[in-house]
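Heads up, the thing below is written out as structure tokens.
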Amino acid sequence: MSETLTTRRASLRLFVRANPGIAVGGGMLALMLLAAFFAPLPYGPTTPDPASVLQEPSGTHIFGTDANGFDVFSRVIAAGQRDLPLALIGTLASLILGLLIGLPLSTKSPWSERLMRALDAFQSFPLIVLSVTIVSLTGNNIQNIVYAIVIINGPRFIRLIRGEALSIRDGRFIEAAIATGARPRRIVFRHVMPNVVDVCLVQCSLTAANAVIVIAALNFLGVGVSPPDPTWGSMVQVGAQGISTGQWWVAIWPGVAIFIAIASLNILANGIQRRVEGS
Amino acid sequence: MTTLVAPEARRSWAKRHPALRYALVRVAIVPISLFVLGSVSFVLVFFIPGNPAVTILGDFATPEQVARVNAQLGLDQPLWDRYLTYWSHLLQGDLGTSFFTNEPVLSDIGKFLPNTIELILLSLLIAVGLGLLIGVTGAYFARRWPDRLLGGVTSALQSVPDFFLALVGIYVFFFLLGWAPAPIGRLPIDAGTDHPPFLIFGSLFRGDFSTFGAALGHAALPVLALGLVYSAYFAKTARGSMGTALTTPQVEFARACGLRERTVVRYAFLASRTTVITYIAILFGSLLGGASIVERVFNWRGMGQWALEGVLKVDVPVIQGFVITAGLMTLTLFLLLDLVVLALDPRVSYE
Numbered sequence: 219m220s221e222t223l224t225t226r227r228a229s230l231r232l233f234v235r236a237n238p239g240i241a242v243g244g245g246m247l248a249l250m251l252l253a254a255f256f257a258p259l260p261y262g263p264t265t266p267d268p269a270s271v272l273q274e275p276s277g278t279h280i281f282g283t284d285a286n287g288f289d290v291f292s293r294v295i296a297a298g299q300r301d302l303p304l305a306l307i308g309t310l311a312s313l314i315l316g317l318l319i320g321l322p323l324s325t326k327s328p329w330s331e332r333l334m335r336a337l338d339a340f341q342s343f344p345l346i347v348l349s350v351t352i353v354s355l356t357g358n359n360i361q362n363i364v365y366a367i368v369i370i371n372g373p374r375f376i377r378l379i380r381g382e383a384l385s386i387r388d389g390r391f392i393e394a395a396i397a398t399g400a401r402p403r404r405i406v407f408r409h410v411m412p413n414v415v416d417v418c419l420v421q422c423s424l425t426a427a428n429a430v431i432v433i434a435a436l437n438f439l440g441v442g443v444s445p446p447d448p449t450w451g452s453m454v455q456v457g458a459q460g461i462s463t464g465q466w467w468v469a470i471w472p473g474v475a476i477f478i479a480i481a482s483l484n485i486l487a488n489g490i491q492r493r494v495e496g497s
Numbered sequence: 337m338t339t340l341v342a343p344e345a346r347r348s349w350a351k352r353h354p355a356l357r358y359a360l361v362r363v364a365i366v367p368i369s370l371f372v373l374g375s376v377s378f379v380l381v382f383f384i385p386g387n388p389a390v391t392i393l394g395d396f397a398t399p400e401q402v403a404r405v406n407a408q409l410g411l412d413q414p415l416w417d418r419y420l421t422y423w424s425h426l427l428q429g430d431l432g433t434s435f436f437t438n439e440p441v442l443s444d445i446g447k448f449l450p451n452t453i454e455l456i457l458l459s460l461l462i463a464v465g466l467g468l469l470i471g472v473t474g475a476y477f478a479r480r481w482p483d484r485l486l487g488g489v490t491s492a493l494q495s496v497p498d499f500f501l502a503l504v505g506i507y508v509f510f511f512l513l514g515w516a517p518a519p520i521g522r523l524p525i526d527a528g529t530d531h532p533p534f535l536i537f538g539s540l541f542r543g544d545f546s547t548f549g550a551a552l553g554h555a556a557l558p559v560l561a562l563g564l565v566y567s568a569y570f571a572k573t574a575r576g577s578m579g580t581a582l583t584t585p586q587v588e589f590a591r592a593c594g595l596r597e598r599t600v601v602r603y604a605f606l607a608s609r610t611t612v613i614t615y616i617a618i619l620f621g622s623l624l625g626g627a628s629i630v631e632r633v634f635n636w637r638g639m640g641q642w643a644l645e646g647v648l649k650v651d652v653p654v655i656q657g658f659v660i661t662a663g664l665m666t667l668t669l670f671l672l673l674d675l676v677v678l679a680l681d682p683r684v685s686y687e
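Sequence lines, in order, name chains A and B.
Numbered per my numbering, the first sequence spans residues 219 to 497.
Numbered per my numbering, the second sequence spans residues 337 to 687.
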């Protein structure tokens, strides 16, 4: 029993030493998620205390309180319940869209080239304004921010997967598969798709990082917010009103949480990239 | 008929001037893109739920009032007629009037677009300058400590949302240090909100240095917030393309010839300049969107802020006006980009 435990611990240590990026980034992310869902909070994140409004950080409220009397610390931790899963769902949706459109488009036909140019034009449009329009028109729910994430990140996945699949299709083993009589569907699923997984993993964690920014930006504008549920973006917005009069803690702490979430996703992406290149 | 040319002659003309042909085809596509853009902006209205007349009048309007406003907006006409009217207005430069302020959309754009262009150009200047510096230095010292340090700085900057950096800037430089003016717009509050377009460039041009100084002071924080965040994206691209350019045999040969290091780096930069220029155009587009939130934080009164407020109030003509203006800007930019890349890089294929 203890024998297996030590070997397991040793192999874990080996993994961490070989992939510091994955371990640090993934660990920080897991910690944030665990804290968001299971950490005991000192105050209710949605129950204001009218008696303590805009208090500076102190022993009783370690991150202070905001203009409504909410405890900033509890809300910063609890906001992860909404922001992080939403970012992951948005990333997954973008990935699926990228696979569904990118793989069939991985030909050199003039049509697919033209579609890629159209995608370029679409991407060069100020998409954040477009996504604000769509989310506020589809009913201003926080779930609808998934559309925004997909609109902004889907094209990147399509381009990446198409490019990668194109270069894989030139490979000898695809030629061999065709020669043995494999159907196109089998080639795509058995031979091309496993080879795009690596780049997709890197892009997934970059997309999740971008998704955290998109969610925060939209919530900062008041789009997709349902008070009093905490999200990092809406907390920054509440704090923005007091920032030029010196109540820094209301806006800065949720901002720091956004920073840590994005940084850990970027570190994770770097780690995966290292591992993919190394192998 | 002197204009009649034999097909062979025409084909050989196209073959002899592939670049010119490419440029002409590229320019010829523009009207098609414009048509698509205009139609998309027309179709946009149908995705907006609810009746525009109810949006204007509020929920307590009587059916007669709704019918009257519908007639005023031309919404009782058949769809095809509305489409034709839309295009005839658009071609005359009439973008309609805002539902809520009753201002003509075109004059609003004329008022707010110059503010946004100034903000974007200044931010782009910082982003490109700083990004190039970081990227080229990192690529030159690849895998040594300056590269690692700058890579860390880039990652950190990429992890900050621009609006949050702007808020931190306001707290530190306005509240704590008192160096920056209050985030209330483009000029001190006693100057009012009516000022000539292109405040910064214009006052510099006219030699009005007191206005120039005040405007530049108000611009410092938003420009820095946007410029720093976007310089991280630029640095990453520059680091990548310079990294490739510095490991080519061409660079090794240049070193072997005994050229100075400065010259070697310059040659490597010239080899990667098309990537850099392409990325500048892409950055311009994303800055147009990214600026809108920062504009709101600083009450910059730019087009992004105006459009966002229009979007949040479901002000249809404003949304359409923004889509068309932003689309026009991106179309022009990418036309220029393609032509510049064509002129700079003879390796581009013209097919």
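Each residue gets a CB set at the ideal place from its N, CA and C atoms; glycine is no exception.
| message | So the candidates are B:399, B:392, B:373, B:363; which of them puts its Cα closest to the Cα of residue 652 of chain B? | response | B:392
| request: Would you mind sorting residue 382 of chain A into buried or exposed? The rule is 16 or more other CB atoms within 10 Å of its CB. | output: Buried is the call here.
| task | Using beta-carbon positions only, say whether residue 640 of chain B and residue 619 of chain B come within less than 8 angstroms of one another. | result | Against a cut-off of 8 angstroms, the Cβ pair of residue 619 of chain B and residue 640 of chain B comes out as no contact.
| query | Considering only the beta carbon of each residue, do residue 228 of chain A and residue 499 of chain B sit closer than 8 angstroms? | reply | Cβ atoms of residue 228 of chain A and residue 499 of chain B: not closer than 8 angstroms.
| query | DSSP three-state call for residue 440 of chain B: helix, strand or coil? | reply | strand
| How about residue 595 of chain B and residue 505 of chain B: do their beta carbons lie closer than 8 angstroms? | no
| query | Name the DSSP beta bridge partners of residue 283 of chain A, please? | reply | A:289
| said: How far does the alpha helix (DSSP H) with residue 335 of chain A in it extend, from its first residue to its last? | reply: Where residue 335 of chain A is concerned, the enclosing alpha helix (DSSP H) stretches over 328–341.
| query | What are the boundary residues of the alpha helix (DSSP H) that residue 422 of chain A is part of? | reply | 411–438
| field | Span separating the alpha-carbon of residue 258 of chain A from that of residue 293 of chain A | value | Using only the alpha carbons, I get a separation of about 12 angstroms.
| Within 8 angstroms (strictly less), CB to CB, does residue 662 of chain B reach chain A? | yes
| query | Could you check where the alpha helix (DSSP H) with residue 569 of chain B kicks off and where it finishes? | reply | 545–581
| query | According to DSSP, which residues form a beta bridge with residue 433 of chain B? | reply | B:440
| Residue ranges of each alpha helix (DSSP H) run of no fewer than 4 residues wholly in the segment 580–645 of chain B, ordered along the chain? | 585–592, 597–607, 609–634
| said: Assuming residue 525 of chain B is part of the alpha helix (DSSP H), what are its boundary residues? | reply: Here residue 525 of chain B belongs to no alpha helix (DSSP H), and DSSP marks it neither H nor E.
| task | With a threshold of 7 angstroms, establish whether the CB of residue 610 of chain B neighbours any heavy atom of the ligand FAD. | result | By its list of ligands, the structure shown contains no ligand whatsoever, and the ligand FAD lies outside what it can speak to.
| Euclidean distance between Cα positions of residue 271 of chain A and residue 491 of chain A | 46 angstroms
| query | To which residues of the same chain is residue 676 of chain B closer than 8 angstroms at the C-beta, ignoring the five residues directly before and after it? | reply | 613
| query | Between residue 426 of chain B and residue 399 of chain B, what straight-line distance do the alpha-carbon atoms span, to the nearest angstrom? | reply | 30 angstroms
| task | Please report how far the alpha carbon of residue 198 of chain A lies from the alpha carbon of residue 323 of chain A, in whole angstroms. | result | Coverage of chain A is limited to positions 219 through 497, which leaves residue 198 of chain A absent and any answer about it impossible.
| task | Report yes or no: is there a C-beta of chain A within less than 8 angstroms of the C-beta of residue 403 of chain B? | result | no
| request: Using a Cβ-Cβ cut-off of 8 angstroms, state whether residue 461 of chain A counts as contacting chain B. | output: yes
| task | Name the two residues that bound the continuous alpha helix (DSSP H) containing residue 651 of chain B. | result | Looking at the DSSP string, residue 651 of chain B is not in any alpha helix (DSSP H), and its letter there is neither H nor E.
| request: For residue 515 of chain B, count neighbouring C-beta atoms within 10 Å of its own C-beta (all shown protein chains included) and say buried if the count is 16 or more, exposed if not. | output: exposed
| Is residue 454 of chain B near residue 534 of chain B, with beta carbons less than 8 angstroms apart? | yes
| message | I'd like to know if the segment 247–266 of chain A and the segment 276–288 of chain A are in contact, where contact means that at least 3 CB-CB pairs between them fall below 8 angstroms. | response | yes
| request: Identify the contact partners of residue 283 of chain A in chain B, using a Cβ-Cβ distance below 8 angstroms as the criterion. | output: Scanning chain B for C-beta atoms nearer than 8 angstroms to the C-beta of residue 283 of chain A yields nothing, as the closest lies near 18 angstroms away.
| Which chain B residues sit within Cβ distance under 7 angstroms of residue 464 of chain A? | 511
| said: Taking its Cβ as the centre, do 16 or more other Cβ atoms sit within 10 Å of residue 481 of chain B, making it buried, or is it exposed? | reply: exposed
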